[in-house]
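Read top to bottom, the protein sequences are chains A and B.
First residue of the first sequence: 269, per this note's numbering; consecutive thereafter.
First residue of the second sequence: 346, per this note's numbering; consecutive thereafter.
Think of the CB as a built atom: it goes at the ideal place given N, C-alpha and C, for glycine as much as any other residue.
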Amino acid sequence: MEKDDVKMAVTALKEGTVIDHIPAGKLFKVVDIMNLYEYKKTLRMGMYLNSKTYGKKDLLKIEDRYLTQEEANRIALIAPNATINIIKDWKVAKKIKVSLPDVITGLKCANPRCITRHDHIKTKFIVMDKKTLKVRCHYCEHVFEKEEII
Amino acid sequence: MAKKKDIVSIREFTKEEIIDLLKLAEKIDNMPEKDRLKLLQGKKLATLFFEPSTRTRLSFESSMQGLGGSVIGFADANTSSTQKGESLKDTVKTVERYADVIAMRHSLEGAARLAAESVGIPVINGGDGANQHPTQTFLDMYTILKLKGKIDGLVIGFAGDMKFGRTVHSLAVALSHFNVKLYFISPESLKMPSQFLEEIKEKGTKYVETENITEAIPNLDILYATRIQKERFHDLAEYEKAKGFYRINKKLMESAKKDLKVMHPLPRVDEIDYDLDDTPYAVYFEQLANGIPVRQALLCRVLGVL
Numbered sequence: 269m270e271k272d273d274v275k276m277a278v279t280a281l282k283e284g285t286v287i288d289h290i291p292a293g294k295l296f297k298v299v300d301i302m303n304l305y306e307y308k309k310t311l312r313m314g315m316y317l318n319s320k321t322y323g324k325k326d327l328l329k330i331e332d333r334y335l336t337q338e339e340a341n342r343i344a345l346i347a348p349n350a351t352i353n354i355i356k357d358w359k360v361a362k363k364i365k366v367s368l369p370d371v372i373t374g375l376k377c378a379n380p381r382c383i384t385r386h387d388h389i390k391t392k393f394i395v396m397d398k399k400t401l402k403v404r405c406h407y408c409e410h411v412f413e414k415e416e417i418i
Numbered sequence: 346m347a348k349k350k351d352i353v354s355i356r357e358f359t360k361e362e363i364i365d366l367l368k369l370a371e372k373i374d375n376m377p378e379k380d381r382l383k384l385l386q387g388k389k390l391a392t393l394f395f396e397p398s399t400r401t402r403l404s405f406e407s408s409m410q411g412l413g414g415s416v417i418g419f420a421d422a423n424t425s426s427t428q429k430g431e432s433l434k435d436t437v438k439t440v441e442r443y444a445d446v447i448a449m450r451h452s453l454e455g456a457a458r459l460a461a462e463s464v465g466i467p468v469i470n471g472g473d474g475a476n477q478h479p480t481q482t483f484l485d486m487y488t489i490l491k492l493k494g495k496i497d498g499l500v501i502g503f504a505g506d507m508k509f510g511r512t513v514h515s516l517a518v519a520l521s522h523f524n525v526k527l528y529f530i531s532p533e534s535l536k537m538p539s540q541f542l543e544e545i546k547e548k549g550t551k552y553v554e555t556e557n558i559t560e561a562i563p564n565l566d567i568l569y570a571t572r573i574q575k576e577r578f579h580d581l582a583e584y585e586k587a588k589g590f591y592r593i594n595k596k597l598m599e600s601a602k603k604d605l606k607v608m609h610p611l612p613r614v615d616e617i618d619y620d621l622d623d624t625p626y627a628v629y630f631e632q633l634a635n636g637i638p639v640r641q642a643l644l645c646r647v648l649g650v651l
């Protein structure tokens, strides 16, 4: 079984991105945060795969899409230990290190009275505490716990 | 090109900047009218009030006219293109072509920040939902300074709605730059949100939370009363329970310091008896009047005059 998991993790993607070491059960949070529900190309998903380091893990492959550093940082909120590999022509062309930035963009603000929920603008959150993952919306200035915005 | 100045949130101001602005307000307050009228001659203020307001809008308009400038704008969103579905961004980008500075109020939180980021002229926030109302905070600070001659060392009590009251939140954050002790006097259901308590605690400000105004009164130099806002309650039974929580009257003042000053951002409902109005404790109308020099100072500062 483990052998199959490993095989799945490293092969079968010609162009795109592999996000590995997502905490087990959190895969759809990543799909959500990356807004991939509308993505019309192939997504390959593995949940509760065996992992030597973490026991169990999730894995996501996105065909024909290369994650940017900004997107990778957003994933840090859910999967701080994720490994992100950009695949070009079947090979790992680049490894992106996930790190929690000082500013996170693109998440939906949980405050229904926030202007970002009404006008078409990109959201921005200031990370106030990297340990507790408290963030403040740059616009409405509400403070949120991690669970409230992802 | 120098970065433009906006007044969006009190959080962006350091202690020095707050003091500097209060000094400028005092300077303008003491200036002969003929000199003051020259300060913003030829400048136009656009007041964009997407949400109705009496005091703030009139105070901005009066302030601008008192500096020799002129005013354009609208007093409610129904008379603007917003009703036709125009985005806030487009509205302010249009207004930018007609005015030198914008003062705005909006029901959505973060609206002033978005406006400030969308235009090249300064934006002053006159209230964005339950978030910020920085010009009110500056006028509150100015009132305290004018009455007491200092801010450091004072004991300041807030009474009423600590939960939804943006004036309380902003003022408490601004005061936490100074060496003050704060009392938050409210019913359990309207206690100060933990995020604000944490924010002021981080700055080292000491505070007390209590439901007992009678016990708190003798300690205070300033009592900042607020209205229990009916419109914020989903459950009217909860409102009925909270509304009679406190009443400030002459009797309550018997145990107060002689030089206690009672402030209120207004409008009041029944939290302060009218019989207090004629006593030396009541300063809420004076507080209101201080909005003029303070907003004049802010207008001058963002327009690079003085």
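Nearest-angstrom Cα separation, counted from residue j out to residue i
i, j, result
"glutamate 544 (chain B)", "leucine 516 (chain B)", "12 Å"
"glutamate 406 (chain B)", "glycine 418 (chain B)", "10 Å"
"cysteine 377 (chain A)", "proline 291 (chain A)", "23 Å"
"glutamate 283 (chain A)", "glutamate 331 (chain A)", "6 Å"
"valine 403 (chain A)", "phenylalanine 541 (chain B)", "14 Å"
"lysine 606 (chain B)", "leucine 382 (chain B)", "32 Å"
"leucine 648 (chain B)", "proline 638 (chain B)", "15 Å"
"serine 463 (chain B)", "threonine 384 (chain A)", "14 Å"
"lysine 379 (chain B)", "serine 408 (chain B)", "14 Å"
"alanine 444 (chain B)", "glutamate 396 (chain B)", "20 Å"
"methionine 315 (chain A)", "valine 286 (chain A)", "14 Å"
"lysine 349 (chain B)", "threonine 336 (chain A)", "31 Å"
"leucine 327 (chain A)", "isoleucine 343 (chain A)", "13 Å"
"methionine 269 (chain A)", "alanine 280 (chain A)", "At methionine 269 (chain A) the pLDDT is 46, less than 50, meaning the model places this residue with poor confidence; the figure from the coordinates comes in the next sentence. Methionine 269 (chain A) and alanine 280 (chain A): Cα-Cα distance of roughly 17 Å."
"alanine 342 (chain B)", "asparagine 635 (chain B)", "Nothing can be reported for residue 342 (chain B), as the shown portion of chain B is limited to 346 through 651."
"arginine 577 (chain B)", "phenylalanine 509 (chain B)", "7 Å"
"arginine 592 (chain B)", "leucine 295 (chain A)", "55 Å"
"valine 278 (chain A)", "glycine 323 (chain A)", "Here valine 278 (chain A) scores only 48 on pLDDT, less than 50, and its place in the model is too uncertain to base an answer on."
"threonine 392 (chain B)", "valine 416 (chain B)", "7 Å"
"threonine 512 (chain B)", "cysteine 645 (chain B)", "23 Å"
"isoleucine 562 (chain B)", "lysine 438 (chain B)", "49 Å"
"aspartate 357 (chain A)", "lysine 308 (chain A)", "21 Å"
"glutamate 599 (chain B)", "glutamate 560 (chain B)", "12 Å"
"phenylalanine 523 (chain B)", "methionine 376 (chain B)", "28 Å"
"lysine 434 (chain B)", "leucine 453 (chain B)", "13 Å"
"phenylalanine 630 (chain B)", "glutamate 585 (chain B)", "28 Å"
"lysine 603 (chain B)", "valine 525 (chain B)", "19 Å"
"glutamate 371 (chain B)", "lysine 493 (chain B)", "14 Å"
Short Cβ contact (7 Å threshold) for residue i with residue j
i, j, result
"alanine 582 (chain B)", "serine 534 (chain B)", "no"
"glycine 414 (chain B)", "leucine 369 (chain B)", "no"
"alanine 340 (chain A)", "valine 366 (chain A)", "yes"
"histidine 406 (chain A)", "asparagine 379 (chain A)", "no"
"isoleucine 354 (chain A)", "alanine 347 (chain A)", "no"
"phenylalanine 394 (chain B)", "arginine 402 (chain B)", "yes"
"leucine 459 (chain B)", "isoleucine 501 (chain B)", "no"
"isoleucine 298 (chain B)", "isoleucine 530 (chain B)", "Since the first residue shown for chain B is 346 and the last is 651, residue 298 (chain B) is missing from the structure and cannot be characterised."
"arginine 381 (chain A)", "glycine 474 (chain B)", "yes"
"serine 398 (chain B)", "arginine 450 (chain B)", "yes"
"lysine 320 (chain A)", "leucine 368 (chain A)", "no"
"alanine 627 (chain B)", "leucine 621 (chain B)", "yes"
"isoleucine 469 (chain B)", "isoleucine 617 (chain B)", "no"
"methionine 507 (chain B)", "lysine 536 (chain B)", "yes"
"threonine 480 (chain B)", "arginine 640 (chain B)", "yes"
"valine 657 (chain B)", "proline 467 (chain B)", "There is no way to answer for residue 657 (chain B), as the model of chain B reaches only from 346 to 651."
"leucine 390 (chain B)", "alanine 642 (chain B)", "no"
Opposing strand residues paired with residue i [DSSP bridges]
i, result
"threonine 285 (chain A)", "A:Ile330 and A:Ile354"
"alanine 627 (chain B)", "B:Val607"
"glutamate 454 (chain B)", "A:Cys382"
"valine 446 (chain B)", "B:Leu390"
"glycine 323 (chain A)", "A:Ser319"
"proline 348 (chain A)", "Paired residues: none, contrary to the question."
"aspartate 419 (chain A)", "Not covered by the structure: residue 419 (chain A). The range shown for chain A is 269 to 418."
"proline 612 (chain B)", "In DSSP, proline 612 (chain B) forms no bridge with anything."
"valine 647 (chain B)", "None; valine 647 (chain B) has no bridge partner."
"glycine 314 (chain A)", "A:Leu327"
Whole-angstrom C-beta distance between residue j and residue i, which should lie under 8 Å
i, j, result
"leucine 345 (chain A)", "lysine 414 (chain A)", "6 Å"
"isoleucine 418 (chain A)", "lysine 297 (chain A)", "6 Å"
"leucine 499 (chain B)", "isoleucine 567 (chain B)", "6 Å"
"aspartate 387 (chain A)", "serine 354 (chain B)", "That pair is no contact at about 18 Å."
"asparagine 476 (chain B)", "glycine 505 (chain B)", "Actually they are not in contact, since the Cβ atoms of asparagine 476 (chain B) and glycine 505 (chain B) sit about 19 Å apart, beyond 8 Å."
"alanine 519 (chain B)", "isoleucine 363 (chain B)", "6 Å"
"proline 532 (chain B)", "glutamate 556 (chain B)", "6 Å"
"methionine 608 (chain B)", "aspartate 485 (chain B)", "7 Å"
Could you give the uninterrupted runs of the beta strand (DSSP E) lying entirely in the stretch 493-573 of chain B, keeping only those of 3 residues or more?
-> Runs of the beta strand (DSSP E) lying entirely within the stretch 493-573 of chain B and spanning at least 3 residues, in chain order: 500-504, 526-530, 551-555 and 567-570.
4-residue-minimum alpha helix (DSSP H) runs that sit fully inside the stretch 364-420 of chain B, ordered along the chain = Complete alpha helix (DSSP H) runs here, min 4: 378-381 and 400-411.
Scan the stretch 453-487 of chain B and note each continuous beta strand (DSSP E) run of 3 residues or more that stays entirely inside, going in chain order.
-> Runs found: 468-473.
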